[in-house]
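Colleague: In terms of the numbering used here, the sequence shown is residues 16 to 335.
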Amino acid sequence: MNRHLISAGDLSRDDALLILDTAAELAQVASRPVKKLPTLRGRTAVNLFYEDSTRTRTSFEVAAKRLSADVINFSAKGSSVAKGESLKDTALTLEAMGADAVVVRHGASGTPNRLTNWIDGSVINAGDGTHEHPTQALLDAYTIRDRLGRLDGLSVVIVGDVLHSRVARSNVLLLATLGVDVTVVGPPTLLPVGVETWPCATSYDLDAVLPKCDVVMMLRVQQERMHAAFFPSAREYSRRYGLDARRMATLPEHALVMHPGPMNRGMEIAAEVADATRSTITEQVANGISIRMAVLYLLLGGTEPAIGHDPAHTEPTESA
16 MNRHLISAGD LSRDDALLIL DTAAELAQVA SRPVKKLPTL RGRTAVNLFY EDSTRTRTSF
76 EVAAKRLSAD VINFSAKGSS VAKGESLKDT ALTLEAMGAD AVVVRHGASG TPNRLTNWID
136 GSVINAGDGT HEHPTQALLD AYTIRDRLGR LDGLSVVIVG DVLHSRVARS NVLLLATLGV
196 DVTVVGPPTL LPVGVETWPC ATSYDLDAVL PKCDVVMMLR VQQERMHAAF FPSAREYSRR
256 YGLDARRMAT LPEHALVMHP GPMNRGMEIA AEVADATRST ITEQVANGIS IRMAVLYLLL
316 GGTEPAIGHD PAHTEPTESA
């Protein structure tokens with residue numbers, strides 16, 4: 016594997032499967048009375064978040080702590096950044112403190128890639144602008160494989176605000192690498208220029224694609240990034256592209272409903288759909304910890320079995 020994780024497109028099929036398999040192994044830790052391994056003892060992971068985040072920052076923190084790494088949480092608010100310190104100076108400060116891995120979220124696309132020029136440790140992209148969010152795509156792929164037993168040949172429909180979604184871009188790249196047929200659906204104003212070059216199909220008609228898909232992944236409408244009118248009204252958007260109980264009934268019986276969160280209930284997804292048994296939204300959050308444990312473990316040089324030697328499963332030896 017590469018030393019950094021910047022884009023889902025950087026992962027080969029073998030790399031992606033290695034992360035998913037390692038995450039499946041590490042998921043066993045969650046069911047133990049003591050949810051901790053000594054694997055990264057003595058290593059330091061820094062969560063460098065320039066944007067507000069709840070689930071991603073917490074997920075990385077829990078993942079690092081379950082592997083016994085020391086964790087430093089750095090938020091731009093209340094730090095020297097508020098006094099005008101540059102990204103490079105902040106990075107060099109963290110480097111001097113001995114950070115082995117820097118998990119970075121930033122509103123500007125390309126920031127994690129810039130950091131790789133200044134930091135010797137591993138850099139993990141936790142979301143940069145409208146560019147990418149590779150660990151979200153990995154946890155989504157993990158959840159699909161866990162529920163449906165495979166990825167190859169499945170049909171996944173990604174719906175909504177593709178234009179502003181780093182989750183959509185990473186999912187398209189990763190799922191295509193893993194042999195999944197992906198279709199992105201949304202109003203023409205919310206599909207990015209150049210989407211025809213992505214490894215996926217496109218559609219403006221949600222009702223036409225739902226009956227043939229195995230997974231429907233709803234995206235949050237990112238109104239905070241919209242500085243113009245991209246659709247007539249919230250009610251009109253919901254009518255054309257929202258997933259409600261009527262539309263969910265047209266899905267195949269085995270099909271899953273996913274959402275990366277946070278959700279706009281009643282807009283892109285109805286409350287009864289978000290809380291339905293075929294919804295995987297809370298599973299995605301739980302699986303995110305296993306995926307981030309796997310990424311930290313593999314990027315920081317893990318070569319032995321991820322959960323190490325388990326004395327409870329030691330084969331009995333013959334007595335002399």
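For every residue, glycine included, the Cβ atom is placed at its ideal position computed from N, Cα and C.
Could you tell me whether the stretch 293-308 touches the stretch 251-261, using the rule of 3 or more Cβ pairs below 8 Å?
Modeller: Not touching, per the Cβ criterion.
Colleague: Give the straight-line distance between the Cα atoms of M278 and F64, rounded to the nearest whole angstrom.
Modeller: Computed Cα separation, rounded: 21 Å.
Colleague: Looking only at its own chain, which residues have a Cβ that is under 7 Å from the Cβ of L82, when we skip the five neighbours before and after it?
Modeller: L52, T54, L55, M308, L311 and Y312, listed in sequence order.
Colleague: Around the Cβ of S180, are there at least 16 other Cβ atoms within 10 angstroms (buried) or fewer (exposed)?
Modeller: By the 10 Å Cβ count, S180 comes out buried.
Colleague: Could you pull out every residue in the same chain whose Cβ sits closer than 6 Å to the Cβ of A60, ignoring the five residues on either side in sequence?
Modeller: Correct list, in chain order: A79, A84, V86 and A116.
Colleague: Quick check on D36: does DSSP put it in helix, strand or coil?
Modeller: If DSSP states are grouped into helix, strand and coil, D36 belongs with the helices.
Colleague: Can you say whether P275 is buried or exposed, counting buried as having 16 or more other CB atoms within 10 angstroms of its CB?
Modeller: It counts as buried.
Colleague: Going by DSSP, what residues sit across from G184 in a beta bridge?
Modeller: It is Arg, not Gly, that sits at residue 184 in the sequence shown. DSSP output for R184 lists no bridge partner at all.
Colleague: What is the rounded straight-line gap between the Cα of Q43 and the Cα of V77?
Modeller: For Q43 and V77, the distance between alpha carbons rounds to 15 Å.
Colleague: For F246, which residues from the same chain have a beta carbon less than 7 Å from its beta carbon, with the 5 sequence-adjacent residues on both sides left out?
Modeller: Taken in chain order, the residues that qualify are P202, T204 and Y252.
Colleague: Say whether the stretch 101-116 touches the stretch 130-140, bearing in mind that this needs 3 or more beta-carbon pairs closer than 8 Å, one atom from each stretch.
Modeller: Yes, the stretch 101-116 is in contact with the stretch 130-140.
Colleague: Could you check if V195 is buried or exposed, using at least 16 other CB atoms within 10 Å of its CB as the buried criterion?
Modeller: When all chains shown are included, V195 counts as buried.
Colleague: Round the Cβ separation of L153 and I34 to the nearest angstrom and send it over; I've been treating them as touching at under 8 Å.
Modeller: Indeed they touch by this definition, with Cβ atoms about 6 Å apart.
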